[in-house]
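Undergrad:
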């Protein structure tokens, strides 16, 4: 999951220089990566429920707790909101 988050940060570093097609492609890629991260977090939480408390201890030790992930998402969305990526959810019906 950390690799996916790094990919999102790399996408954030791509300069678009007002090119709408690049902006849309980057926005689409970020959305797909975020959906994959959400799916993995959901699957992890489902397998964590069946394994008991030892799984949650492992997540906390490795820094993968859900509070850490939400902090990364907050930092990311604040970084890109001026370029329109953070407002992508507003454009969808």
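In this note's numbering, the protein residues as written are 983 to 1075. Just so you know, even glycine gets a beta-carbon here, dropped at the ideal spot from N, CA and C.
Can you give me the C-alpha to C-alpha distance between residue 1000 and residue 993, rounded to a whole angstrom?
TA: About 15 Å.
Undergrad: Could you tell me the distance, in whole angstroms, from the CA atom of residue 998 to the CA atom of residue 1009?
TA: The alpha-carbon atoms of residue 998 and residue 1009 are separated by roughly 11 Å.
Undergrad: Using the Cβ count rule (16 or more neighbours within 10 Å means buried), how would you classify residue 1012?
TA: With 16 or more other Cβ atoms within 10 Å, it is buried.
Undergrad: Between the alpha carbons of residue 988 and residue 1015, how many angstroms are there, rounded?
TA: Near 10 Å, if we compare the C-alpha coordinates of residue 1015 and residue 988.
Undergrad: So, at 8 Å on beta carbons, what are the nonlocal neighbours of residue 996 in its own chain, with the 5 sequence-adjacent residues on each side left out?
TA: Counting only Cβ-Cβ distances below 8 Å, and skipping sequence neighbours, we find 1004 and 1008.
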